[in-house]
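For reference, the structure discussed in these notes is given below.
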Amino acid sequence: MSAQPFLPFARPVIDESTIAKVADVIRSNWIASGPNVLAFEQSLSAWCNGRPVRSMTSATVALEVALQLCGIGPGDEVITPTQTFFAAANMITKVGATPVFVDCELATRNLDLAQTAAAITSRTRAIMPTHFLAPLDPAGVYGLAQKHGLRVIEDAALAIGSRYPDGIAVGGCGDLVAFSFHPNKNITTIEGGALVVNDEREAKRVEALRFHGITRLPDGTRDVDVAGGKYNLSDVSAAIGVDQMQQLESFVAQRKLLARHYLAQLRTEPACTLPPDVEGHSWNMFAVLLPLDRLRITRKQFVEAMHGRGIGVGISYEACHLATLYRQLGYREGQFPVTERIARETVSLPLFPAMTTADVDRVCAEMRALFAEHAR
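Just so you know, we're using this note's numbering here: the sequence shown kicks off at 89 and counts up by one.
Here it is as C-alpha cells:
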C-alpha cells in the first residue's frame, strides 16, 4: 500500500468562503428555490452568451425536460452515441421514444457524423450528441439537423467551461444544451444541472416542466396543463454554484495545465492511447486507452493495482448499447467497434483543480512501474 495520501480520480473544490455562504443561506431559512437560484441562473446565462438558462436537480432530468420540451414521445426516434453515460438513452426511453445508437470517433469520442446521417429516418425527431474529449463539431451536427428538420439536444454534462474554436462557450449557441454540476464535474452544486434554451417562451415551459407542470393564472391561482416533475434546485445548492461560477475559468485553466502535463509525461511501455489536446477543451476528465493486448493484466487488475498504490481510477464509459435494457432492442456486440474498443480499454486518471503537477508525475510514475512489471 502507498504511504502517500490517496489520490482520487475526481474531487470537488469548495473553499471556506463558499461554505460560509452556505451557512448564511441555511440561517436565512430560505433554503428552497429563491434568490440564489436566480443569481446562479443569471451567471450561467452570462456564460452562455445571454441565452436563457434554467437550473435543475441534475443533468439527467435536464435531458428529460429537453425531450419533453421538444414534444418527443412514443413512436419517435432520437439518435445518440452509444459512447455516453446511460442517462442519455435512459431519458429517451423514459419519455417513450426509441434511442438509435451510432458509433463515435476514436480520438474525440464524439458521435460519428456519417453514421448519424445514415441513421436518420422519417421517425427521427432529434439528435442527442455528447461532448466528450473535445467539444462536438457544431457545423456538422447542426448542418444535419437543419437539413432534416431535427432538434438538437446537446449532452454537455462534461463540458461546462469548454469553448469552440471561435471562442464561443459551449452553451452559447445552438439549440438545447444540458449541463451537469455533479461533484466530479468542472463546477458543482453538490447535485444539479441546467438546461440552456432558445427564448423566454421555452424557459417558461421549462419552469412548468421542472415544477409539477404548474403555471400561474392572472388571479394568482395555479393551473396544470402538463404532468411535470419536481426538479427545482435548492438555494443552498445554488449558493455553491454562484461561487463556483466565479472560479470556473481558473478551474479550467488548472485542468488544462494538468492535462498538458499528463500529455508530456505519460510515457509508458507499452504506450497508452492518449486523448487529443483540443483548444477550448475544459478537460473534465483525462481518459486514456490501456494497451491491454500488450499487458499481462486485465483492466480490473490494473484499476485494483493503482488503488493499491493510492491512486483512484475511473471507467468512462461502458458501451451503452450493450446494457441489458438496450440489448432488448436488438443491439449486440460487434455493431459499434470503436465504442466497444473504448469500453474495453478506457480508464480515467485523476484530474481535478486541487491537484498539482507533482500529483500527475506520481500517477505517471506508478503507471510506468506497473506496466514494466506486467508487459508481455
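Every residue gets a Cβ at the ideal spot worked out from N, C-alpha and C, and that includes glycine.
What does a CB cutoff of less than 7 Å around residue i pick up in its chain, not counting 5 residues either side in sequence?
i      : result
Arg464 : Arg382, Leu383, Arg384
Asp200 : Val190, Asp191, Cys192, Glu193
Asp365 : Arg348, Leu351
Leu151 : Ala175, Ala176, Met179, Ile241, Asp243, Ala266
Val312 : His300, Gly301, Ile302
Arg293 : Leu157
Could you compute how far the alpha carbon of residue i sits from the alpha carbon of residue j?
i      : j      : result
Thr181 : Asp164 : 10 Å
Pro363 : Val314 : 43 Å
Arg142 : Ile302 : 15 Å
Arg304 : Leu439 : 45 Å
Val265 : Val240 : 8 Å
Asn274 : Arg99  : 10 Å
Leu345 : Ser322 : 33 Å
Asn198 : Phe424 : 13 Å
Arg456 : Cys360 : 11 Å
Cys408 : Asp103 : 36 Å
Ser133 : Gly260 : 8 Å
Asp118 : Gly316 : Strictly speaking, residue 118 in this sequence is Trp, with Asp absent from that position. Distance between the alpha carbons of Trp118 and Gly316 is about 23 Å.
Ile107 : Leu380 : 43 Å
Gln334 : Ser131 : 9 Å
Phe97  : Ser436 : 7 Å
Arg432 : Ala393 : 17 Å
Leu377 : Arg429 : 9 Å
Thr309 : Ala233 : 40 Å
Ala205 : His236 : 10 Å
Val76  : Asn286 : The chain is shown only over 89 to 464; residue 76 falls outside these bounds and no answer can be derived.
Gln332 : Ser210 : 43 Å
Gly400 : Ala453 : 14 Å
Val113 : Thr276 : 17 Å
Gly262 : Pro226 : 8 Å
Ser268 : Ala245 : 4 Å
Gly402 : Thr386 : 14 Å
Arg343 : Met373 : 9 Å
Thr186 : Ser116 : 45 Å
Tyr414 : Tyr252 : 32 Å
Asp307 : Ile328 : 35 Å
Arg355 : Leu224 : 28 Å
Pro123 : Pro169 : 37 Å
Val451 : Ala207 : 41 Å
If the criterion is Cβ atoms closer than 7 Å, does the pair residue i and residue j meet it?
i      : j      : result
Gly398 : Gln203 : no
Ser299 : Asn320 : Looking at the sequence itself, residue 299 is Phe, so the reference to Ser does not match. Their beta carbons are under 7 Å apart, which means Phe299 touches Asn320 by this criterion.
Trp371 : Ala341 : no
Ala176 : Thr196 : no
Asp447 : Leu155 : no
Pro140 : Glu295 : no
Ile167 : Ile215 : yes
Ser250 : Gly368 : yes
His219 : Ala257 : no
Val153 : Leu238 : no
Val324 : Val110 : yes
Thr445 : Ala375 : no
Ser146 : Glu279 : yes
Val101 : Ala326 : no
Gln171 : Thr427 : yes
Could you round the C-beta distance between residue i and residue j to whole angstroms and report it? I think they count as a contact, below 8 Å.
i      : j      : result
Trp405 : Phe189 : The sequence shown places Tyr at residue 405, rather than the Trp named in the question. With a Cβ gap of about 13 Å, Tyr405 and Phe189 do not count as contacting.
Phe128 : Val330 : 5 Å
Pro217 : Asp243 : 7 Å
Glu290 : Leu157 : 6 Å
Pro162 : Gly138 : Between Gly138 and Pro162 the Cβ distance is about 36 Å, and since that is not below 8 Å, they are no contact.
Met144 : Gly231 : Not confirmed; about 29 Å, so no contact.
Gln389 : Asp449 : Contact doesn't hold; Cβ gap of about 23 Å is too wide.
Once you ignore the five residues that flank residue i on each side, which residues in its own chain have a CB closer than 6 Å to its CB?
i      : result
Val149 : Tyr319
Gly255 : none
Arg213 : Ile160, Asp164
Leu410 : none
Leu297 : Val153, Gln156, Gly316
Leaving out the 5 sequence neighbours to the left and right, which residues in its chain are closer than 8 Å to residue i when beta-carbon positions are compared?
i      : result
Glu357 : Arg456, Phe459, Ala460, Ala463
Glu337 : Gly249
Cys136 : Ala257, Gly259, Gly260, Val265, Val284
Ser105 : Asp331
At a cut-off of 6 Å, is residue i close to the ligand FAD when judged by its beta-carbon and the heavy atoms of the ligand?
i      : result
Arg142 : In terms of ligand content, the structure shown is empty, and the ligand FAD therefore cannot be addressed.
Whole beta strand (DSSP E) elements within the stretch 401-442, 3-residue minimum: 434-437
Alpha helix (DSSP H) runs contained entirely in the stretch 286-312, provided each spans 4 or more residues: Taken in chain order, the complete alpha helix (DSSP H) segments of 4 residues or longer contained in the stretch 286-312 are 288-297.
Go through the stretch 144-192 residue by residue and report every complete run of the alpha helix (DSSP H) that reaches 4 residues or more, in order. 147-157, 174-182
Return the chain-ordered ranges of every alpha helix (DSSP H) run that is complete within the stretch 89-123 and spans a minimum of 4 residues. 104-116
Entirely within the stretch 338-406 and at least 3 residues each: give me those beta strand (DSSP E) ranges in chain order. 374-377
Segments of 3+ residues assigned as beta strand (DSSP E) that fall wholly inside the stretch 193-226: 212-215
With a floor of 4 residues, list each alpha helix (DSSP H) that falls wholly inside the stretch 222-286, ordered by position along the chain. Taking only runs of at least 4 residues, the alpha helix (DSSP H) segments lying wholly in the stretch 222-286 are 226-236.
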